[in-house]
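Below: one structure, written as structure tokens.
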Amino acid sequence: MSSELTRRTAAELAELIASGQVSAVEVAQAHLDRITAVDGRIKAFLHVDAETALAQARAVDERRAAGERLGPLAGVPIAHKDVFTTADMPTTAGSKILEGWRPPYDATITRRLREAGLVIIGKTNMDEFAMGSSTENSAFGPTRNPWNLDRIPGGSSGGSSAAVAAYEAPLATGTDTGGSIRQPAAVTGIVGTKPTYGGSSRYGLIAFASSLDTPGPFARTVLDAALLHEAFSGHDPMDSTSIDRPVPPVVEAARRADVAGLRIGVVRELGGEGFQPGVQARFNEAVELLESLGAKVTEVSCPHFTYALPAYYLIAPSECSSNLARFDAMRYGLRIGDDGARSAEEVMALTRAEGFGPEVKRRIMLGTYALSSGYYDAYYGKAQQVRTLIIRDFEAAFEQVDVLVSPTTPTTAFPIGDRVDDPMAMYLADLATIPSNLAGNAAISVPCGLAEEDGLPVGLQVMAPTLADDRVYRVGAAVEKALEDRWGGPLLAKAPELAEADR
Amino acid sequence: MSEKHAAGSPAAGEARGGAAITRDEVAHLARLSRLALGEDELDHLAAQLDVIISAVARVQEVAAEDIPPTSHALPLTNVFRPDEVRPSLAPEQALAGAPAAEDQRFRVPRILGEEA
Chain A
1 MSSELTRRTA
11 AELAELIASG
21 QVSAVEVAQA
31 HLDRITAVDG
41 RIKAFLHVDA
51 ETALAQARAV
61 DERRAAGERL
71 GPLAGVPIAH
81 KDVFTTADMP
91 TTAGSKILEG
101 WRPPYDATIT
111 RRLREAGLVI
121 IGKTNMDEFA
131 MGSSTENSAF
141 GPTRNPWNLD
151 RIPGGSSGGS
161 SAAVAAYEAP
171 LATGTDTGGS
181 IRQPAAVTGI
191 VGTKPTYGGS
201 SRYGLIAFAS
211 SLDTPGPFAR
221 TVLDAALLHE
231 AFSGHDPMDS
241 TSIDRPVPPV
251 VEAARRADVA
261 GLRIGVVREL
271 GGEGFQPGVQ
281 ARFNEAVELL
291 ESLGAKVTEV
301 SCPHFTYALP
311 AYYLIAPSEC
321 SSNLARFDAM
331 RYGLRIGDDG
341 ARSAEEVMAL
351 TRAEGFGPEV
361 KRRIMLGTYA
371 LSSGYYDAYY
381 GKAQQVRTLI
391 IRDFEAAFEQ
401 VDVLVSPTTP
411 TTAFPIGDRV
421 DDPMAMYLAD
431 LATIPSNLAG
441 NAAISVPCGL
451 AEEDGLPVGL
461 QVMAPTLADD
471 RVYRVGAAVE
481 KALEDRWGGP
491 LLAKAPELAE
501 ADR
Chain B
1 MSEKHAAGSP
11 AAGEARGGAA
21 ITRDEVAHLA
31 RLSRLALGED
41 ELDHLAAQLD
51 VIISAVARVQ
61 EVAAEDIPPT
71 SHALPLTNVF
81 RPDEVRPSLA
91 PEQALAGAPA
101 AEDQRFRVPR
111 ILGEEA
């Protein structure tokens, strides 16, 4: 029963727990056992505390026994990306500068899910301060892709995607600044959503680029992602960019799973040249499938999308250089060189040089450059104008169609170490996901098959207008259902078994 | 890296158009960023930043003067709330992660240099 429990979806687990067939403690224990058995090879987790997890699960069982009405995911384990603050577990954002730091408070999303009865099973590995597309920038070592241990699991939320794909957790949270949920979901064969910016609270999230950072769900099914999305979304007075509007009906849309009559636009600029043939082939099949399900498919041009990547790599580093100024060695975290003779400024510079990894330094320097006097207009100012043009491209496209689709990533998971010394090659991984971050609208990645040349997962990206998050779930669920019928089960069932080590 | 850019920054607003970022500029950026970088790191970063900046300079190809800039995808409005006294973190909680503390305060290295 124990290992079988880890194969269940979140919706199934919630039902088993609610009907009293299993306890939240049994479910938590099954996942803790799985982590013990496989995480030595995957390294999805930075922190797992079995006692704390089991205590939370016991509390849920007691609340239920006392007749308390709990949320629809009560008792289901969840792994949080280590960028969400947790009052009872360390939070490092994958950085040495925060090693061992225990936040004095919970992020809003952490708190809401705790109150809804979800059990925090641990904190997952990530690219330092969410900067990266491979989880190789973690100060604590890379995470590995459960499909092939020599490959990256995507990034920056690669620990979360790997944990869900390796059956270590049924659900996980991530953050998507330039694609950091959708890209890891695509390359590990699972589902990941970037909600509408402002639809999910950023309070208690260690900030990278404030106008882009968007927390969102990882799951193995579209319905599970929708359930998690609904559980943590909604207006948060603690975040001044939080949207004070009702949460779109994402769960209902995931259950509806039909695309008859829906107008779907294939983005001409996100495909073809530069996209791996096996990725393009699976994407084309998914589009044909949508058409066979009754959707009206047309090609749509978004001419400025080709400028999204350069605009992003000016805007995100600019915001990062400002946000990371708070790591000043004075109030929390690492302090290096405080020998009584050095000034605060010297200690600050020594600490930051020691505490930040290469990618973080690169982006701080790039941001400082883009914002410096003399260059501001030519770089940051121009990038913000490009952002306007991308928003206009989306607006024009959404006058013609209800959703847009593209491959989520140009390639499947690349080998660990392949792109570490070539930042521009690494940045290309987020080519197709970045436009939605710049515009703030909703997008999802769902599995659409394996690339012929390497047998690795390919993701289909579905993008919808701001606050039309329900549409991405409707399309995602329809594709999932049709493909699972074709495959005779979920894509993840095709992943190689990870032998469980003796415990 | 060519010699001709070795001293000082190019003129304000000058588009890069293939011009290189100098090692001196990188050292200056590191000081502004409060990063005490080693010589090797400066060399390595200068080369990488040069490649990245040349690539992102493409943004200059498209945006005409009449396009308004967007800094934020949401139209932001100021959020107000009543000015009420509410519980906050206790001093021990606020200081719990501090590298050094004394008398319920953060202890920091000297702020003013000897030349100040």
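Quick mapping for you: the protein sequence lines, in order, are chains A and B.
According to my numbering, the stretch in the first sequence is residues 1 to 503, in order.
According to my numbering, the stretch in the second sequence is residues 1 to 116, in order.
We put the CB at the ideal spot given by N, CA and C, even for glycine.
Just so we're clear, the structure is a prediction, and the values are computed from it rather than from any experiment.
Check whether the Cβ atoms of PHE232/A and LEU113/A sit closer than 7 Å, and answer yes or no.
As a first step, residue 232/A must be located in the first sequence, where it is residue number 232. As a first step, residue 113/A must be located in the first sequence, where it is residue number 113. Yes, the Cβ-Cβ distance between PHE232/A and LEU113/A is below 7 Å.
Return the CA-CA distance between PRO457/A and GLY158/A, expressed in angstroms with no decimal places.
To locate residue 457/A, count along the first sequence from 1; it is residue 457. To locate residue 158/A, count along the first sequence from 1; it is residue 158. The alpha-carbon atoms of PRO457/A and GLY158/A are separated by roughly 15 Å.
List, in order along the chain, the chain B residues whose C-beta lies closer than 9 Å to that of LYS507/A?
Because residue 507/A is not part of the residues shown, which for chain A are 1 to 503, the question remains open.
Residues of chain A with CB closer than 8 Å to the CB of VAL26/B, please, in chain order.
Here residue 26/B is taken as the residue at index 26 of the second sequence, counted from 1. Near VAL26/B (Cβ distances below 8 Å), the residues of chain A are MET365.
Residues in the segment 45 to 60 of chain B with C-beta within 8 Å of chain A's C-beta atoms, listed in sequence order?
Of all residues in the segment 45 to 60 of chain B, LEU45, GLN48, LEU49, VAL51, ILE52, ILE53, ALA55, VAL56, ALA57, ARG58, VAL59 and GLN60 have a Cβ within less than 8 Å of some Cβ in chain A.
With the cut-off set at 7 Å, would you say GLY265/A and LEU404/A are in Cβ contact?
Residue numbering aside, residue 265/A sits at position 265 when the first sequence is read from its first letter. Residue numbering aside, residue 404/A sits at position 404 when the first sequence is read from its first letter. Taking 7 Å as the Cβ cut-off, GLY265/A and LEU404/A qualify as a contacting pair.
Pick helix, strand or coil for HIS235/A, following the three-state DSSP scheme.
Within the first sequence, residue 235/A is the residue found at index 235, counting from 1. Coil at HIS235/A, not helix or strand.
Any beta carbon from chain B within less than 7 Å of MET424/A's own beta carbon?
By 1-based counting over the first sequence, the position of residue 424/A is 424. It does; some Cβ of chain B falls within 7 Å.
Could you name each continuous beta strand (DSSP E) segment of 3 residues or more that falls completely within the segment 342 to 425 of chain A, going from the start of the chain to the end?
Runs found: 403 to 407.
Give a yes or no on whether 7 Å exceeds the smallest Cβ distance from PHE106/B to chain A.
Here residue 106/B refers to the residue found at position 106 when the second sequence is read from its first residue. Interface residue, yes.
Would LYS382/A pass as an interface residue toward chain B - the criterion being a Cβ-Cβ separation below 7 Å?
In the first sequence, counting from the first residue as 1, residue 382/A sits at position 382. Closer than 7 Å: yes.
What are the start and end residues of each continuous beta strand (DSSP E) run of 3 or more residues lying completely inside the segment 57 to 112 of chain A, in chain order?
List check, beta strand (DSSP E) in window: 77 to 81.
GLY374/A to LEU205/A, Cα distance in whole Å?
Reading the first sequence from its first residue, position 374 is the one you call residue 374/A. Reading the first sequence from its first residue, position 205 is the one you call residue 205/A. Distance between the alpha carbons of GLY374/A and LEU205/A is about 32 Å.
With DSSP as the reference, label ARG268/A as helix, strand or coil.
Reading the first sequence from its first residue, position 268 is the one you call residue 268/A. Three-state DSSP puts ARG268/A in coil, outside helix and strand.
Would you mind sorting THR466/A into buried or exposed? The rule is 16 or more other CB atoms within 10 Å of its CB.
Along the first sequence, one-based indexing puts residue 466/A at 466. THR466/A is buried by the Cβ-count criterion.
Check the Cβ-Cβ distances between PRO118/B and every residue of chain A, and say whether any is below 7 Å.
Chain B is shown only over 1 to 116; residue 118/B falls outside these bounds and no answer can be derived.
Count the other CB atoms, across all protein chains shown, that sit within 10 Å of the CB of VAL85/B; report buried if there are 16 or more and exposed otherwise.
Along the second sequence, read from residue 1 onward, the residue named residue 85/B stands at position 85. Classification for VAL85/B: exposed.
Taking DSSP's pairing of strands, which residues face LYS296/A in a bridge?
If you number the first sequence from 1, residue 296/A lands on position 296. Answer is ARG263/A, bridged to LYS296/A.
Would DSSP call ALA101/B helix, strand or coil?
One-based indexing of the second sequence puts residue 101/B at position 101. In this structure, ALA101/B counts as strand in the three-state DSSP scheme.
Tell me whether PHE80/B is buried or exposed, calling it buried when 16 or more other Cβ atoms sit within 10 Å of its Cβ.
Residue numbering aside, residue 80/B sits at position 80 when the second sequence is read from its first letter. It counts as exposed.
Return yes when the Cβ of SER211/A is within less than 7 Å of the Cβ of LYS81/A, no when it is not.
The count along the first sequence starts at 1 and reaches residue 81/A at position 81. The count along the first sequence starts at 1 and reaches residue 211/A at position 211. No, the pair does not count as a contact, with Cβ atoms beyond the cut-off.
Compare the Cα-Cα distances from HIS47/A to each of MET89/A, THR36/A and VAL38/A and report the closest residue.
For this step, residue 47/A is matched to residue 47 along the first sequence. The shortest C-alpha separation from HIS47/A is found at MET89/A.
May I ask you to report which of helix, strand or coil DSSP gives SER322/A?
Indexing the first sequence from 1 puts residue 322/A at position 322. It is helical.
In chain A, what lies closer than 7 Å to SER71/B by C-beta?
Here residue 71/B corresponds to residue number 71 of the second sequence, with the count starting at 1. Correct list: SER211 and GLN384.
Between which two residues does the alpha helix (DSSP H) containing VAL251/A stretch?
What you label residue 251/A is simply residue 251 of the first sequence in a count that begins at 1. Counting along the chain, the alpha helix (DSSP H) containing VAL251/A begins and ends at 250 to 256.
So, for PRO415/A: in the same chain, excluding its five sequence neighbours on each side, which residues have a beta-carbon less than 8 Å away from its beta-carbon?
Your numbering for residue 415/A matches position 415 in the first sequence. Within the same chain, PRO415/A has close Cβ partners ASP150, ARG151 and ILE152.
Residue range of the alpha helix (DSSP H) that HIS44/B falls in?
Start at 1 with the first residue of the second sequence, and residue 44/B comes out as number 44. Looking at the DSSP string, the run of the alpha helix (DSSP H) that includes HIS44/B is 39 to 56.
What is the rounded straight-line gap between the Cα of GLY449/A and the Cα of ARG282/A?
As a first step, residue 449/A is located in the first sequence; it is residue number 449 there, counting from the start. As a first step, residue 282/A is located in the first sequence; it is residue number 282 there, counting from the start. Those two C-alpha atoms are separated by around 6 Å.
Strictly below 8 Å CB to CB, what residues from chain B border ILE181/A?
Here residue 181/A refers to the residue found at position 181 of the first sequence. Within 8 Å Cβ-Cβ: nothing; ILE181/A doesn't reach chain B, min ~17 Å.
Taking the runs of the beta strand (DSSP E) that are 3 residues or longer, which of them lie wholly in the segment 7 to 58 of chain A?
Qualifying beta strand (DSSP E) stretches, in chain order: 45 to 47.
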